[in-house]
Amino acid sequence: MQLKQISITISALMIMLAVSSCGESTTTSDEVSQSVTMESVRETPRFDDGMVRFDRVPGEVGYWGNPGKHSLIENGVQVAMDENGQLADINTADQVAPFKPWALGLYKYRQANGLADDPVNACISPAGPRHLHYEGGFRIIQDRNFDRVYMLFGGGNRGWRLINMDGRQAPDPDEVAGTYYGHSAGHWEDDTLVVESSGFNDRFWFSNGGLPHTPALTLVERFTRSNFDTLEYEVEITDPQTYTRPWTASWTLGWVDGEIKETFCEQIEAIDQYTGNN
Amino acid sequence: MKAALSFLVLLISLSGSLQAQEGFPLDGTWRGFWSVPGGEETLVVIVMDLDGENINGRINPGRNMVFFEEASLDPENWMVRFTSTSKADEPIVFEGMLENLGAYDRTITGTWTIAGVENQLVLTRE
Numbered sequence: 064m065q066l067k068q069i070s071i072t073i074s075a076l077m078i079m080l081a082v083s084s085c086g087e088s089t090t091t092s093d094e095v096s097q098s099v100t101m102e103s104v105r106e107t108p109r110f111d112d113g114m115v116r117f118d119r120v121p122g123e124v125g126y127w128g129n130p131g132k133h134s135l136i137e138n139g140v141q142v143a144m145d146e147n148g149q150l151a152d153i154n155t156a157d158q159v160a161p162f163k164p165w166a167l168g169l170y171k172y173r174q175a176n177g178l179a180d181d182p183v184n185a186c187i188s189p190a191g192p193r194h195l196h197y198e199g200g201f202r203i204i205q206d207r208n209f210d211r212v213y214m215l216f217g218g219g220n221r222g223w224r225l226i227n228m229d230g231r232q233a234p235d236p237d238e239v240a241g242t243y244y245g246h247s248a249g250h251w252e253d254d255t256l257v258v259e260s261s262g263f264n265d266r267f268w269f270s271n272g273g274l275p276h277t278p279a280l281t282l283v284e285r286f287t288r289s290n291f292d293t294l295e296y297e298v299e300i301t302d303p304q305t306y307t308r309p310w311t312a313s314w315t316l317g318w319v320d321g322e323i324k325e326t327f328c329e330q331i332e333a334i335d336q337y338t339g340n341n
Numbered sequence: 002m003k004a005a006l007s008f009l010v011l012l013i014s015l016s017g018s019l020q021a022q023e024g025f026p027l028d029g030t031w032r033g034f035w036s037v038p039g040g041e042e043t044l045v046v047i048v049m050d051l052d053g054e055n056i057n058g059r060i061n062p063g064r065n066m067v068f069f070e071e072a073s074l075d076p077e078n079w080m081v082r083f084t085s086t087s088k089a090d091e092p093i094v095f096e097g098m099l100e101n102l103g104a105y106d107r108t109i110t111g112t113w114t115i116a117g118v119e120n121q122l123v124l125t126r127e
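For the protein sequence lines, the chains are S and A, in the order given. Counting the first sequence from 1 gives a position; the numbering used here is that position plus 63. Counting the second sequence from 1 gives a position; the numbering used here is that position plus 1.
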């Protein structure tokens, strides 16, 4: 989006300079730049009562995608990695998050073997924050009649996640059976959707790159649609069995025109066995 | 019949991955048989979990269960060590290496020393 704005602004400046060179212009470059930039940033869409709308406005298509980061990494840390979360230099592993020793060892083990043990290879869905930097995109559907928010995921198993907005709290992890998507309770802080989640199992990777977690994991996520095309996402991770302290990661996502592509996870080896196509 | 057999193969191939456990690598129930080479094998079942700081463990849950006294995991080389005392008041020391971390049925291969006698033991996670 920022690139789009810059492109439009530069184009406008070039037009203005061309017109100015002909002696016809009475407008300054700053005025042109400002007016074009303001037009290119679309306002955050809202319901009639003013609540932010995280999904499509009637009559349009689109979804959230193009994450600014491809793995969980603590805010303020600069570490090179590819879109799968594979580190460029494994010696930087300890900077990614405040790992406990066993967790750092396991993260480095997973990195060293090229993420070969990633559960998504066996069609185990990504979950937690990973869905928000995983390929495929997602939608955020506000079901205001029943005080719920649904997140529909295009990646992984093309699953969906439920966020209760009816005042309940996220459960004590020790009191519930852990699930892949956990138990989520949300509330509003001004225009920001705040979601607290707990009750996860430990059968999935909650980030590209293989950062470990345990069933003690709790998340506080903040979703802010700062303008029509930008979703700001922040997640605070607390897992006292895995990390030495709570830590925060954040990135932005962009509004993508069109429909989420219809893709499904297939465990090719198993299917080949099933079909006899070895 | 052929379709049913194929479906069974599919289920078996999926079963391991569906039960994967990706958190603290010692969490869970482990089973193995200790013995001196060529000697009589003795079953041991061990349950381990992490409470945030310490590795807790129980040996042979049931009437003869005993608890870990000390336990450690070195993530530099994945060496596991724990100590206990049997119901017969015999000291137990186990030292082994955690292997195949990415698998649900990962193993710990090492020595089970009881009453001063070293035995071989491979623990497999169930």
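The beta-carbon is built from N, C-alpha and C at its ideal position, and this holds for glycine as well.
Asked, Found
"Hey, is T155/S's beta-carbon within less than 9 angstroms of any beta-carbon in chain A?", "no"
"For chain A, is any of its Cβ atoms less than 9 angstroms away from the one on A279/S?", "yes"
"When you compare the CB positions of H194/S and G219/S, do they come within less than 9 angstroms of one another, or not?", "yes"
"Tell me whether the region 197 to 211 of chain S and the region 219 to 236 of chain S touch, counting them as touching only if at least three CB pairs, one residue from each stretch, are closer than 8 angstroms.", "yes"
"What three-state label does DSSP hand A166/S in the structure shown?", "helix"
"Please name the residue in P192/S, L178/S and G245/S whose C-alpha comes closest to that of L316/S.", "P192/S"
"Using 10 angstroms around the beta-carbon of S261/S, count the other beta-carbons present and answer buried if the total reaches 16, otherwise exposed.", "buried"
"Taking beta-carbon pairs under 7 angstroms, can you tell me which members of the region 290 to 308 of chain S lie near chain A?", "P303 and Q304"
"What in chain S is Cβ-close to E96/A, meaning under 9 angstroms?", "Those do not exist, as E96/A stays about 17 angstroms from chain S at its closest Cβ, beyond 9 angstroms."
"Residues of chain A with CB under 8 angstroms from L167/S, in chain order?", "P76"
"On the three-state DSSP scale, how would you describe G191/S?", "helix"
"Based on DSSP bridge pairs, tell me the residues matched to V319/S.", "Y126/S"
"What are the start and end residues of the alpha helix (DSSP H) that includes A72/A?", "A72/A -> not in any alpha helix (DSSP H); beta strand (DSSP E) instead, spanning E71 to D75."
"If we cut at 9 angstroms on Cβ distances, does Y35/S have a partner in chain A?", "As shown, chain S starts at 64 and ends at 341. That puts residue 35/S outside it, with no answer to give."
"Kindly list the residues whose CB is nearer than 8 angstroms to the CB of E322/S, restricted to its own chain and excluding five residues on each side of it in sequence; keep chain order.", "V124 and Y126"
"Can you tell me which residues form a DSSP beta bridge with Q205/S?", "V212/S"
"Quick check: what's the CA-CA separation for A156/S versus W165/S?", "13 angstroms"
"Counting only the same chain and skipping the five closest in sequence on each side, list residues whose C-beta sits under 8 angstroms from that of K171/S.", "I153 and A156"
"Are the region 145 to 152 of chain S and the region 235 to 251 of chain S touching by the rule of at least three beta carbon pairs closer than 8 angstroms?", "no"
"Let's test the definition: count the other Cβ atoms within 10 Å of the Cβ of E23/A and tell me whether it reaches 16, buried, or not, exposed.", "buried"
"Measuring straight from C-alpha to C-alpha, what distance separates R109/S and F117/S?", "8 angstroms"
"Take the Cβ of W314/S as the centre, count every other Cβ of all protein chains shown within 10 Å, and call the residue buried at 16 or more, exposed below.", "buried"
"Give the DSSP bridge partners of D50/A, in chain order.", "N57/A"
"Which residues mark the beginning and the end of the beta strand (DSSP E) in which Q121/A is found?", "V118 to R126"
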